[in-house]
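Read in numbering that gives the first Met the number 0, the sequence shown has 62 at position 63, and its numbers run on one by one without any break.
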Amino acid sequence: MKLNRAERWAVNNPLRPLQQRLEIHWFKRKVRLMPGARVLEVGCGRGAGARLIKTTFRPALLHAMDLDIGMIRRAHKYLSPEMREGISFYVGDVSRLPYRDGTMDAVFGFGLLHHIPDWQGALAEIVRVLKVGGIYCFEEIYPSLYQNVLTRRILLHPADNRFHSEDLRQALENSGLEPGDSLENKKLEIIGFATKR
């Protein structure tokens with residue numbers, strides 16, 4: 000689901016990269032990627048996450064996709080030509096990833112699944128492209144943040160098939176992932192990782 004104007008502002012405001020920087024440092028303490036890793040960022044937005052992934056984990060190849068061509072254009076403007084080297088930006092749908100099974104060492108998603116009507120199908124695609132032992136690093140918010148009286152009038156999110164803490168954990172396990180460490184406020188949000196079994 001593409002973002003509306005208010006949400007586009009929210010994910011492109013100057014504070015969002017600061018939040019992502021804190022999240023990426025948390026991931027760095029918890030997750031090890033081998034040299035030469037192949038990494039995918041789903042829902043890359045303006046490219047702030049891709050920049051952090053590249054400089055922190057130094058993958059051999061980083062694929063960064065977003066459903067919105069406008070976000071991909073922003074990413075090209077946001078990152079210098081030197082920073083874009085080794086990053087492949089493209090328009091795509093996380094529900095139909097253009098990769099063979101088991102090709103990625105890691106997939107990063109910064110606040111993506113809660114935008115997707117069939118988030119379980121998107122999660123299954125993420126797991127499909129991960130290698131056995133591959134890592135899914137994610138940050139998500141729960142409905143109390145985006146479906147409350149104020150935000151549901153401003154932000155555009157699917158209304159049905161939403162997940163809370165236990166729903167997400169169960170879906171991770173059911174899709175073939177072993178949940179690892181996380182930081183979570185069960186009413187608001189989670190940052191965590193899971194490993195493909």
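Positions of the beta carbon are idealized from the N, C-alpha and C atoms, including for glycine.
Which word fits P80, buried or exposed, when buried means at least 16 other C-beta atoms lie within 10 angstroms of its C-beta? Taking the first residue of the sequence shown as 1, we reach residue 80 at position 81. Under this definition P80 is an exposed residue.
How would you call P13, buried or exposed, if buried means at least 16 neighbouring beta carbons within 10 angstroms? Along the sequence shown, read from residue 1 onward, the residue named residue 13 stands at position 14. With fewer than 16 other Cβ atoms inside 10 Å of its own Cβ, P13 counts as exposed.
Suppose the cutoff is 6 Å on Cβ atoms and the five residues either side in sequence are ignored; what does the same chain contact list for F56 look like? Within the sequence shown, residue 56 is the residue found at index 57, counting from 1. Cβ neighbours of F56 beyond the five flanking positions: L32.
Using a Cβ distance threshold of 8 Å, determine whether the segment 99-111 contacts the segment 44-64, with at least three qualifying pairs required. yes
Round the Cβ separation of E124 and S94 to the nearest angstrom and send it over; I've been treating them as touching at under 8 Å. What you label residue 124 is simply residue 125 of the sequence shown in a count that begins at 1. What you label residue 94 is simply residue 95 of the sequence shown in a count that begins at 1. Rounded, the Cβ-Cβ distance is 6 Å, consistent with contact.
Helix, strand or coil: how does DSSP classify Y145 here? Numbered from its first residue, the sequence shown carries residue 145 at position 146. In the structure shown, Y145 sits in a helix (DSSP, three-state: H, G or I).
So, is K1 buried or exposed, given that buried needs 16 or more other C-beta atoms within 10 angstroms? The count along the sequence shown starts at 1 and reaches residue 1 at position 2. K1 counts as exposed, since fewer than 16 other C-beta atoms from the protein chains shown sit within 10 angstroms of its C-beta.
May I have the straight-line CA-CA distance separating R99 from K130, to the nearest angstrom? As a working mapping, residue 99 is identified with position 100 in the sequence shown. As a working mapping, residue 130 is identified with position 131 in the sequence shown. In a straight line, the C-alpha of R99 is about 10 Å away from that of K130.
I'd like the ranges of any beta strand (DSSP E) spanning at least 3 consecutive residues and lying wholly in the segment 53-124. 60-65, 86-90 and 103-109
Option nearest C136 by Cα separation, candidates V126, G91 and V148: Residue mapping note: residue 136 aligns to position 137 of the sequence shown, counting from 1. Ranked by Cα distance from C136, the options V126, G91 and V148 are led by V126.
Buried versus exposed call for K53 [16 or more other C-beta atoms within 10 Å across all chains shown]: Your numbering for residue 53 matches position 54 in the sequence shown. With 16 or more other Cβ atoms within 10 Å, it is buried.
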